[in-house]
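First up is the structure itself, then whatever we jot down about it.
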Amino acid sequence: MRHLLFILFGFCCNIVTAQIDFQNQASTLGFNSHTGPTIFGGSGVSFVDYNGDGFDDITLTRTDNSTVSFYKNIDGVFFQLEDLLPSSGNYEYRTRNATWIDYDNDGDKDLFLTSDTDGNRLFQNQSGSLVDVTIQAGLPTDNVFTFGASWGDFNNDGCLDVYLSNRSLGTLITNYLFMNNCDGTFTDATNSSGVSAGSVWSFCSAFFDFNNDGYQDIYIANDKTTPNYLFKNNGDGTFSDVSVASGTDIVVGAMSVTVDDYDSDGYFDIFVTNSPNGAGYDAPGTVLLKNNGDETFSNVTTSTQTSLVTFSWGSNFLDADNDGDLDLYINSQYTSSDSFPSYGFYINNNLGSFSLSNSSGFTTNDYNSYSSAIGDYNNDGKLEIISNNGNSQNPSFWENMDFSTNNYLSIALEGNMSNKDGIGSIIEISIGGSKQYRTLLGGESYMAQNSFTEHFGVGTATTVDYVKVKWLSGLEDILYNVSVNQKLSVVEGTALSTYDFDDVSLSYYPNPVKNTLTINAQQNVENITMYNMLGQEVIRSFPNSVDTEVDMSSLFPGTYFVKVSIQGNTKTIRVIKQ
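All the letters of the sequence shown, read from the start, carry residue numbers -18 to -1, 1 to 560 under mature numbering (1 follows the signal peptide of the UniProt record, and there is no 0).
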């Protein structure tokens, strides 16, 4: 059932208007060395807290055949570490994308590096040390010319899968989807899942749920005259190509896939960067695709005034002034000497359009920029932007100097039944009926990874009516009357709510239960699956009746989650075993 709830944020909350001001503080914060000369496509960036201390760190890949650059954030000051990679291997080669993910769900961050010269590598975090487990994991070590890697859980088994976007400078090659077997190994699922689209020039992709059916779909940015692809997740481990039917099959020099809900209607939109010209392209400049909520998208670039004609690569949606809507940053390979814009910053007018701003700082933004990522390095509730530049230029770190009194809420997730990182979860907040939405992605934009802490600007509101987290497991947590100006941690299952389950009625008793749980429904219960707090399945049955009993006598006392499936709908209940 689809519920469309959209009220302009400014109608319900007072907003303090202030001058947005981003200033390059790279040198002050410790970014005093470049990551290599200009090589086609540049280098990537991650703004993820890789050591779990609560501060977002920075990881920069390199084009100069040197090892990856790691910057540890200690209370808002960055220190470049010599190397985190194993000393026993040779990792001094060109790298493209760095993503930190917990692929084995053990509570720490592992590292995946892509390369278009020497093959990709997976490093498992073993008690704080990174160990190369690429071969053991069943991932290819030969060069498949990978630029972007995006992580998601396409079969909702609680383990992160990875999609590799591959682009050779000389020949067309295929992309790959590797399924996580939940035992530390991966299986090539490219053909069996239906995402084998032949040989293309792909830069990046993103896992996200475009139709709100609880399954992650995949959107792929293809360069040159190959249209972009949207693969719809069928919910059975396979995908269908809906690129044409959805209207997302644009033909541009696509570099990025940036996903967010710019108009707060509960459906996630897509922004794609582009080069300024190219034979056979639909149009020069960037493209904004609005999700219509009916499995189609509309090209709203003109009406939203978001076409930036330059050689753009990375892009990021962010609420720069905490006024409750998403602004847009775009970087560019060009500098002012190229007669094209060197960047673009668009302020959201909250009226369905944006305004290009030339007075939001960025006063020295004249770099050959490629990837960019967002995070809050000093936990002050204001988002920063880091860009990895080419042409032997140091990175740019655009600190948010906004001094408005607008408030914020930051939210960090931890999965139990779902993947530990909470990737794929959808967060909804509401203030006076006005809603905002975020989804946590495991790699997006152009060879970039944003902070895993999701950020909401809330204007002058002092309380958020509720925070709702919809996990890939099907569980839904909700917290009420949440104070602002804090980083809120939500652990899956600790604030469990009932679903909006209007189509069927369901009752269950007793709760707490000692031996037998009785479930009554108006339609046949098709499937019952019970999980413990570790996300482990402990009971599964297929009663196919309206009344059923579940024997819990052999279970240990504690909290259990019960997923009940009725005519294609799923409801999750929480029961206490005595």
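We put the beta carbon where it would ideally sit given N, CA and C, even for glycine.
Just so it is clear, the structure is predicted and the values come from calculations on it, not from any experiment.
Residue closest to residue i, alpha-carbon to alpha-carbon, out of the options
i, options, result
"Ile200", "Thr207, Tyr211, Lys206", "Tyr211"
"Tyr364", "Asp46, Thr49, Asn137, Asn388", "The amino acid occupying residue 364 in the given sequence is Lys; Tyr does not appear at that position. Nearest C-alpha to Lys364: Asn388."
"Tyr325", "Ile367, Asp307, Gly306, Gly357", "Ile367"
"Leu395", "Glu410, Thr230, Phe385, Ser386", "Glu410"
"Asn148", "Ile202, Asn138, Gly296", "Ile202"
"Val226", "Gly235, Gly219, Pro209", "Pro209"
"Ser407", "Asn47, Asn382, Asp459", "Asp459"
"Gly120", "Ser132, Cys164, Gly134", "Cys164"
"Thr541", "Ile548, Val520, Tyr197", "Val520"
"Ser238", "Ala503, Asn502, Tyr75, Met429", "Met429"
"Phe438", "Ser246, Val113, Gly219, Ser184", "Ser246"
"Gln418", "Gln7, Asn137, Asn273, Lys450", "Lys450"
"Ser400", "Asp84, Asp205, Asp533", "Asp84"
"Leu333", "Asn382, Ser285, Val254, Asn304", "Ser285"
"Asp31", "Gly414, Leu154, Met515, Ser433", "Ser433"
"Pro525", "Leu537, Ser535, Asn502", "Asn502"
"Pro19", "Gln315, Asn204, Ser178, Asn193", "Gln315"
"Gly89", "Gly275, Ser109, Gly101", "Ser109"
"Val269", "Gly12, Asn55, Thr288", "Thr288"
"Ser337", "Ile356, Ser175, Tyr311, Ser351", "Tyr311"
C-alpha distance - residue i paired with residue j, whole-angstrom precision
i, j, result
"Leu(-14)", "Gly248", "With a pLDDT of 34 at Leu(-14), under the threshold of 50, the modelled position of that residue is not reliable, and the figure given next carries that caveat. Those two C-alpha atoms are separated by around 8 Å."
"Arg420", "Thr345", "30 Å"
"Ser321", "Ser374", "21 Å"
"Asp170", "Asn298", "31 Å"
"Cys(-7)", "Gly134", "In this prediction, Cys(-7) has a pLDDT of 44, which is less than 50 and means its spatial position is unreliable; what the coordinates show is noted afterwards. The alpha-carbon atoms of Cys(-7) and Gly134 are separated by roughly 35 Å."
"Leu457", "Ile510", "14 Å"
"Gln1", "Thr10", "23 Å"
"Phe105", "Val466", "37 Å"
"Thr230", "Asn256", "15 Å"
"Asp485", "Gly71", "Low per-residue confidence applies at Asp485: pLDDT is 48, beneath 50, and the placement is therefore not dependable enough to give any value."
"Leu42", "Phe60", "13 Å"
"Thr480", "Asn463", "Because Thr480 sits at a pLDDT of 42, beneath the cut-off of 50, its placement in the model cannot be relied upon, and the following sentence gives the value as read from the coordinates. So the two alpha carbons sit approximately 18 Å from each other."
"Gly58", "Asp223", "44 Å"
"Asn14", "Ser318", "23 Å"
"Val446", "Asp358", "20 Å"
"Asn79", "Gly196", "27 Å"
"Val507", "Ser353", "49 Å"
"Asp482", "Tyr491", "In this prediction, Asp482 scores a pLDDT of 41, lower than 50, which makes its location untrustworthy; no coordinate-derived value is stated."
"Phe253", "Thr530", "48 Å"
"Gly152", "Asn398", "44 Å"
"Glu111", "Leu66", "The question names Glu, yet the displayed sequence has Ser at residue 111. Going by the C-alpha atoms only, they are around 7 Å apart."
"Asp348", "Asn313", "10 Å"
"Gly166", "Tyr328", "42 Å"
"Gln7", "Asp362", "16 Å"
"Asn514", "Asn137", "20 Å"
"residue 561", "Leu537", "The structure shown does not extend to residue 561, since the chain is modelled only from -18 through 560, so no value can be given for it."
"Asn493", "Gln560", "9 Å"
Cβ separation of residue i and residue j, assumed to be a contact under 8 Å, to the nearest whole Å
i, j, result
"Gly26", "Asn371", "With a Cβ gap of about 12 Å, Gly26 and Asn371 do not count as contacting."
"residue 584", "Ser342", "Residue 584 falls outside the range modelled here, since the chain spans only -18 to 560, and no answer is possible."
"Phe94", "Thr81", "5 Å"
"Phe127", "Asp143", "Their Cβ separation, rounded to whole angstroms, is 20 Å, which puts Phe127 and Asp143 out of contact at 8 Å."
"Tyr244", "Phe189", "At roughly 19 Å, the Cβ-Cβ gap does not stay under 8 Å, so Tyr244 and Phe189 are not in contact."
"Asp242", "Leu308", "6 Å"
"Gly180", "Thr156", "7 Å"
"Thr552", "Phe543", "That pair is no contact at about 12 Å."
"Ser392", "Thr435", "5 Å"
"Asp114", "Pro68", "6 Å"
"Asn304", "Ser416", "So it is not a contact: roughly 14 Å between Cβ atoms."
"Leu271", "Asn281", "6 Å"
For residue i: DSSP bridge partner residues
i, result
"Trp82", "Leu93"
"Ser174", "Partner(s): none; Ser174 has no beta bridge."
"Tyr211", "Ile202"
"Val451", "Ile409, Asp459"
"Gln108", "Ser111"
"Thr445", "Ser465"
"Gln431", "Ser28"
"Thr552", "Ser547"
"Phe379", "Ile368"
"Ile329", "Ser337"
"Ala477", "BP columns for Ala477 are empty, so no partner."
Task: Contiguous beta strand (DSSP E) assignments of at least 3 residues, all confined to the region 270 to 297 - done: 279 to 281
Open item on the list: Runs of 3 residues minimum, wholly inside the region 132 to 183: which ones carry the beta strand (DSSP E) assignment?
Closed with: 143 to 148, 158 to 162, 168 to 170
TODO: Taking only runs that begin and end inside the region 6 to 79, name each unbroken beta strand (DSSP E) of 3 or more residues, in chain order.
DONE: 40 to 42, 51 to 56, 59 to 63
- [ ] Just list the alpha helix (DSSP H) runs in the region 491 to 540, keeping only unbroken ones of 4 residues or longer that don't cross its boundaries, in chain order.
- [x] none
Task: Continuous beta strand (DSSP E) assignments of at least 3 residues falling wholly in the region 293 to 324 - done: 294 to 300, 309 to 314
TODO: Tell me the start and end of each unbroken beta strand (DSSP E) in the region 210 to 240 that is at least 3 residues and wholly inside, in chain order.
DONE: 211 to 215, 221 to 223
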